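Peer 1: According to full-length UniProt numbering, the residues represented by the sequence shown are 1 to 264, in order. Using N, Cα and C, we set each Cβ at its ideal position, and we do this for glycine too. This structure is a prediction, so every number in the text was calculated from the model and none was measured.
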Amino acid sequence: MQIENSNEWNNWIENAIASRNIKQYEYKNFSNIQEICSSNFGKVYRANWNDFHGHLVLKSFYNLSKTTLKEIVHEIQLRRQIDFHNNIIRFCGIVTENNPKDFFLVMEYADSGTLKNYLKENFKNLTWNDKFDLAFQLVHVVSCLHDEEIVHPNLGLSKRIEEASDPQSIGMIPYVDPKSFTRKRNRDNEIEVYSLNKKSDVYSVGVLLWEISSGRPPFDNEPYDIALAMEIFSGRREIPVSDTPDDYINIYTGKYFILNSIMY
């Protein structure tokens, strides 16, 4: 699909709503709206909808430029493409508020929250069988995404791997492929941005598997800054937790992992 301007991106969304390929919600039917996080693109809210007893997520956008509309369409297409997987956050539809060009994405609310919060609340009660099971779920989700040719930064589609979903955030430094920390220039002196790929996803998941084993974020006792990024680029890694089974270590250090992609 070739779309050249913001009007065409907007028309794609409106046509999808008109043809009922996308469900349209009315903002007035949502209540108890609470902000739960924000990013470079916008804010995310938790809300109740009509008589639905659970929660839904509303994802807003700061500025509906051509780029943002393109991202909205891309995210809708991705979520519809991989809606079959139980561990993928469901895309429910769109809200238009005041102006038909103002959009909220409506998505399933993952009650378990982020991996960080889940481990904080449950880690003491997790057995190694539980940790292996959680690790398998993460690897299986990424494998399914890769089967659909979906790569980072779209790991946030998963109910468990929100942490690795924004490579441009400095708070995500330990989770991101270290190769993205440097830049090169071509013959025209233009900066060439490193393209994150499937191996980048494997690296991110490997870090998350270490987090599952330890119950804490990597390098959590120091600032996530440029200095840490350069140390990681130079080869610094968290060491395995003392009671970690060898089979688990072999998974996230790359000995049995996909294409040995974690090892640098």
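Going by DSSP, what residue range makes up the alpha helix (DSSP H) through Ala227?
Peer 2: By 1-based counting over the sequence shown, the position of residue 227 is 227. Its alpha helix (DSSP H) spans residues 226-233.
Peer 1: In angstroms with no decimal places, state the Cα-to-Cα distance between Glu149 and Asp201.
Peer 2: Taking the sequence shown and counting its residues from 1, one reaches residue 149 at position 149. Taking the sequence shown and counting its residues from 1, one reaches residue 201 at position 201. Straight-line Cα distance between these residues: approximately 12 Å.
Peer 1: Which same chain residues end up closer than 6 Å to residue 304 when comparing Cβ atoms and leaving out the 5 residues on each side of it in sequence?
Peer 2: Because the chain is modelled from 1 through 264, residue 304 falls outside the range shown and cannot be assessed.
Peer 1: Closest to Glu108 by C-alpha separation, out of Val151, Phe61, Phe52, would be which residue?
Peer 2: Numbered from its first residue, the sequence shown carries residue 108 at position 108. Comparing Cα positions, the closest option is Phe52.
Peer 1: Using the Cα positions of Tyr203 and Lys28, report the straight-line distance between them to the nearest angstrom.
Peer 2: In the sequence shown, counting from the first residue as 1, residue 203 sits at position 203. In the sequence shown, counting from the first residue as 1, residue 28 sits at position 28. Cα-Cα distance, rounded: 42 Å.
Peer 1: Decide if Tyr62 is buried, meaning its Cβ has at least 16 other Cβ atoms within 10 Å, or exposed.
Peer 2: Translated into positions along the sequence shown, residue 62 becomes position 62. Label assigned to Tyr62: exposed.
Peer 1: Measuring straight from C-alpha to C-alpha, what distance separates Leu196 and Asp177?
Peer 2: For this step, residue 196 is matched to residue 196 along the sequence shown. For this step, residue 177 is matched to residue 177 along the sequence shown. Cα to Cα, Leu196 sits roughly 8 Å from Asp177.
Peer 1: Can you give the beta carbon distance from Leu119 to Gly215, rounded, assuming they're within the 8 Å contact cut?
Peer 2: Taking the first residue of the sequence shown as position 1, residue 119 is located at position 119. Taking the first residue of the sequence shown as position 1, residue 215 is located at position 215. Confirmed, about 5 Å.
Peer 1: Where does Gly93 fall in DSSP's three states?
Peer 2: Mapped onto the sequence shown, residue 93 falls at position 93. Residue state, collapsed to three classes: strand.
Peer 1: Opposite Cys144 in the DSSP bridges: which residues?
Peer 2: Looking up residue 144 in the sequence shown gives position 144. Cys144 pairs with nothing; no bridge assigned.
Peer 1: Looking at the secondary structure, which residues open and close the alpha helix (DSSP H) in which Ile150 lies?
Peer 2: As a first step, residue 150 must be located in the sequence shown, where it is residue number 150. Taken as a continuous stretch (DSSP letters only), Ile150 belongs to no alpha helix (DSSP H), as it is neither H nor E.
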